[in-house]
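Quick mapping for you: the protein sequence lines, in order, are chains A and B. Just so we're aligned, residue 0 is where the first sequence starts under numbering that gives the first Met the number 0, counting upward by one. Just so we're aligned, residue 0 is where the second sequence starts under numbering that gives the first Met the number 0, counting upward by one. What follows is one structure encoded as structure tokens, with my remarks underneath.
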Amino acid sequence: MSSEKIVEYLSCEISNYLEDIENNISLDHDIFVCRKDGVCLFKELSENVNAQTVGALVAGMWQAAESVNSINTISVNEYMLQFSTSQQGVMVYPLYLEDEIFLLTTLFGEELNPGKLKNSCRKLRDQLVNNYTDYQQMRPKEISNEKKKQEFLFSNISDKEIDQLFSFAGS
Amino acid sequence: MSFVNYHSKEVNCKIVYYGPGLGGKTTNIQHVYKKTSGDSKGKMVSLNTDNERTIFFDFLPLDLGEIRGFRTRFHLYTVPGQVFYESSRKLILRGVDGIVFVADSQVERMEDNVASLKSLIDNLEDHGYDVSTIPLIMQWNKRDLPNIVSVEEMSNILNKYDSPEFSAQAVSGEGVFETLKMASKLVLMNLKSGI
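Structure follows, in structure tokens:
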């Protein structure tokens, strides 16, 4: 499934999940999903939190931890990454959709029950994985575009176009 | 790996600055950060030691506007240059769309340049990249210092893939944007359509 469809799926599912107050993830907490390279796919972040910065840091943190732990053979899907006190911090859960891993992250502060929050995040992750198959079946089948993928998006970009792109920046 | 969102008409690309320690990688993106207007840049993140040696990476997101209807975002990373951070360098190269190799032009640093370039090629191959086709730009930095190798010799020793090359003096900004513009152009032209 294309990245766009995954973005659409995540937006729909996570929004539905957060609307259900039974799920106990306060909207005061920041929720973020990114690819393993840090590119943001879903965000519910406070104004002072930059999605690109968070994505780069979370991706780097996850990959570094994975590398340090590479001697273990347990599936990465069983892991989660946590850096926190008893009230605030960050939790990262791996989310496997098709063959690709995504990182479901929550940034929390002033949390009275981080154990409950952890459980809610785990439930969200499991729901996203479990509902994905149904979602795929409901979507119209995508026509294979293997041949199209070999074509370039841009051709013959001129120096003038690049200069225009960088006109926002000083030189 | 680049991310193209056709619905929102957005392109995200990753460029990594690679090279030996203290060669000018961080200086390059610090200059880019300093000269980019507020709306076009995000917060620059530097994970470094107390004496400002990069320990994991520097990161600078650039939102540069539109090209042919697509909003273009570049994610600039630098790697730590010190020898024992090899594992970190390999991690940061994952998903790269283009590389700027920042070489130190001083005579006494040539051995480090060669070792760093070999490390880059080995890591790219380990990640499954075709080194001859991935956008790679060479920067001969520190051209202002005495006792430097000629541009011709830098090219003969280091430019194995006939890559575009630029002289630079990153500390003053000379050559920094010229290098980045070429990297951006090659990365954009290397994007697959997938529609």
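Even for Gly, the Cβ is constructed at its ideal location relative to N, Cα and C.
By how many angstroms is the C-alpha of V128(A) removed from the C-alpha of D98(A)?
Distance between the alpha carbons of D98(A) and V128(A) is about 12 angstroms.
Cβ of T77(B) within 8 angstroms of any chain A Cβ:
So, not an interface residue.
So which residues of chain A does M188(B) contact, with C-beta pairs closer than 9 angstroms?
Chain-ordered, the chain A residues with CB closer than 9 angstroms to the CB of M188(B) read F151, L152, F153, S154, N155, I156.
If you follow the alpha helix (DSSP H) that F176(B) is in, where does it begin and where does it stop?
Start and end: 175-188.
Classify H30(B) as helix, strand or coil using the three-state DSSP reduction.
Three-state DSSP puts H30(B) in a helix.
Near Q168(B), which residues of its chain fall below 6 angstroms by C-beta distance, leaving aside the five closest residues on each side in sequence?
Contacts found: R142, D143.
Tell me whether P134(B) sits in a helix, a strand or coil according to DSSP, three-state version.
If DSSP states are grouped into helix, strand and coil, P134(B) belongs with coil.
With DSSP as the reference, please indicate the residues paired to Y17(B) in a beta bridge.
In the DSSP output, where bridge partners are listed per residue, Y17(B) has F100(B).
Closest Cβ-Cβ distance between G18(B) and chain A: below 8 angstroms?
Judged by the 8 angstroms Cβ criterion, G18(B) is not in contact with chain A.
CA-to-CA distance, V170(B) to R52(B), given in whole angstroms
Roughly 16 angstroms separates the two Cα atoms.
Under 9 angstroms, CB to CB, which of the residues in the segment 49-76 of chain B have a partner in chain A?
Identification of residues in the segment 49-76 of chain B having a C-beta nearer than 9 angstroms to some C-beta of chain A yields F55, F56, F58, P60, L61, D62, L63, G64, E65, I66, R67, F69, T71, R72, H74, Y76, given in sequence order.
Less than 8 angstroms between the CB atoms is what I'm expecting for I13(A) and L40(A), so what's the real figure, rounded?
The Cβ separation is near 10 angstroms, so there is no contact.
Near-chain B residues of the segment 46-60 of chain A (beta-carbon distance less than 8 angstroms), N- to C-terminal order:
Going along the segment 46-60 of chain A in chain order, one finds N49, Q51, T52, A55, L56, G59 with a Cβ nearer than 8 angstroms to chain B.
Please report the distance separating the alpha-carbon of Q51(A) from that of P60(B).
Going by the C-alpha atoms only, they are around 7 angstroms apart.
L75(B) to I14(B), Cα distance in whole Å?
Spanning the two alpha carbons is a distance of roughly 5 angstroms.
For a quick check, are the C-beta atoms of R124(A) and L106(A) less than 8 angstroms apart?
Going by C-beta atoms, R124(A) is not nearer than 8 angstroms to L106(A).
Judging by CA-CA distance, which residue of G18(B), S36(B), L190(B) is the nearest neighbour of R88(B)?
Measuring from the Cα of R88(B), the nearest candidate turns out to be G18(B).
Among all the DSSP beta bridges, which residues are the ones paired with Y128(B)?
Paired residue(s): none; Y128(B) is not in a bridge.
Consult DSSP for R124(A) and reduce its assignment to one of helix, strand or coil.
In this structure, R124(A) counts as helix in the three-state DSSP scheme.
For I171(A), return the contacting residues in chain B, with the cut-off set at a CB-CB distance below 7 angstroms.
No statement about residue 171(A) is possible, as the shown extent of chain A runs from 0 to 170 and does not include it.
Compute every distance between the C-beta of S154(A) and the non-hydrogen atoms of the ligand MG, then say whether any falls below 7 angstroms.
Among the components modelled here there is no ligand, and therefore nothing to report on the ligand MG.
Identified DSSP bridge partners for H74(B)
K13(B), P60(B), per the DSSP bridge assignment.
Check the Cβ of A64(A) against every Cβ in chain B and list those closer than 8 angstroms, keeping chain order.
Chain-ordered listing is empty here: chain B has no CB closer than 8 angstroms to the CB of A64(A), the nearest sitting near 11 angstroms.
Neighbourhood of G97(B) by C-beta distance below 8 angstroms, restricted to the same chain and skipping five residues each side
Closer than 8 angstroms at the Cβ level, and outside the excluded window around G97(B), lie C12, K13, I14, V15, I133, P134, L135, I136, A182, S183, L185, V186, N189.
Whose Cβ in chain B lies nearer than 8 angstroms to the Cβ of V89(A)?
For a Cβ distance threshold of 8 angstroms, nothing in chain B lies close to V89(A): the least Cβ distance comes to about 15 angstroms.
Secondary structure of S162(B), DSSP reduced to three states:
Three-state result, S162(B): coil.
Would you say Y128(B) reaches chain E, if we count a Cβ-Cβ gap shorter than 8 angstroms as a contact?
Absent from the structure is chain E; the protein chains it does hold are A and B.
Cross-strand partners of P93(A) (DSSP beta bridge):
According to DSSP, residue pairing for P93(A) in a beta bridge involves L102(A).
For G64(B) and L164(A), the rounded distance between their alpha carbons
Their backbone Cα atoms lie some 6 angstroms apart in a straight line.
Could you tell me the boundaries of the alpha helix (DSSP H) in which N155(B) lies?
Counting along the chain, the alpha helix (DSSP H) containing N155(B) begins and ends at 150-157.
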